[in-house]
Structures are given as C-alpha cells and as structure tokens.
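Undergrad:
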Amino acid sequence: MLIFILLITRFSKGFISNISVLLGIGFGFVVALLMGEVSFSGLNDAAWFAIVRPFAFGWPTFDPAFDYHPDDRHADRIY
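For the sequence shown, position 60 matches number 60 in UniProt numbering, and the numbering has no gaps at all.
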C-alpha cells in the first residue's frame, strides 16, 4: 500500500495528492476484502448507540525512564 500512496503523491496534484494516505487506506481495505481478510462478524452484536466508558482499557501510566530526551535542548532550533 505504501507504493500506492507514493505513486499517488508523485503523479497527482492538489487535493488528490493531499488525500493520498486516505486513498491508500481505502485501497488497502479493498485488497484485504478481496483476499478474504475482512470479517464483519463483530458488527452483529454491536449496539447502535452506547455510552462511552472512559479509560475502558485502564488508566494511563507514566514511566519517567522513557521520558528522557537528550536532544531536547535543541528542540527550539530550526535547521
């Protein structure tokens, strides 16, 4: 699908070039559908309307060990 997106970006102009990623997603979905990789079985049990449950997968966590960015001192510079 990346090749499809790059070809659209390279050989089109304007709006079509701007939505190349969206078109690539659509193209990839159609390819997956034709290959039989798409299943709509979960939609049979889905409700039309539902109340949103915030943090249904748990509370966000913060790990300070992964917050270290040694190059942050250069973040304000434009190269």
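Ideal Cβ placement from N, Cα and C applies to all residues, glycine included. Since the model is a prediction, treat every value here as computed from it, not as a measurement.
Would you identify the three-state DSSP class for PHE40, choosing helix, strand or coil?
TA: Taking the first residue of the sequence shown as position 1, residue 40 is located at position 40. Coil.
Undergrad: How many Å lie between SER41 and VAL30 at the Cα?
TA: The residue given as residue 41 occupies position 41 in the sequence shown. The residue given as residue 30 occupies position 30 in the sequence shown. Rounded to whole angstroms, SER41 to VAL30 spans 17 Å at the Cα level.
Undergrad: Take the Cβ of GLY24 as the centre, count every other Cβ of all protein chains shown within 10 Å, and call the residue buried at 16 or more, exposed below.
TA: Counted from its first residue, the sequence shown places residue 24 at position 24. So GLY24 counts as buried.
Undergrad: In its own chain, which residues sit with a C-beta less than 7 Å from the C-beta of MET1, not counting the 5 before and 5 after it?
TA: Locating residue 1 in the sequence shown gives position 1, where the first residue counts as 1. Contacts found: GLY24, PHE27 and GLY28.
Undergrad: Is the beta carbon of residue 86 less than 9 Å from the beta carbon of ILE8?
TA: With the chain covering only 1 through 79, there is no way to say anything about residue 86.
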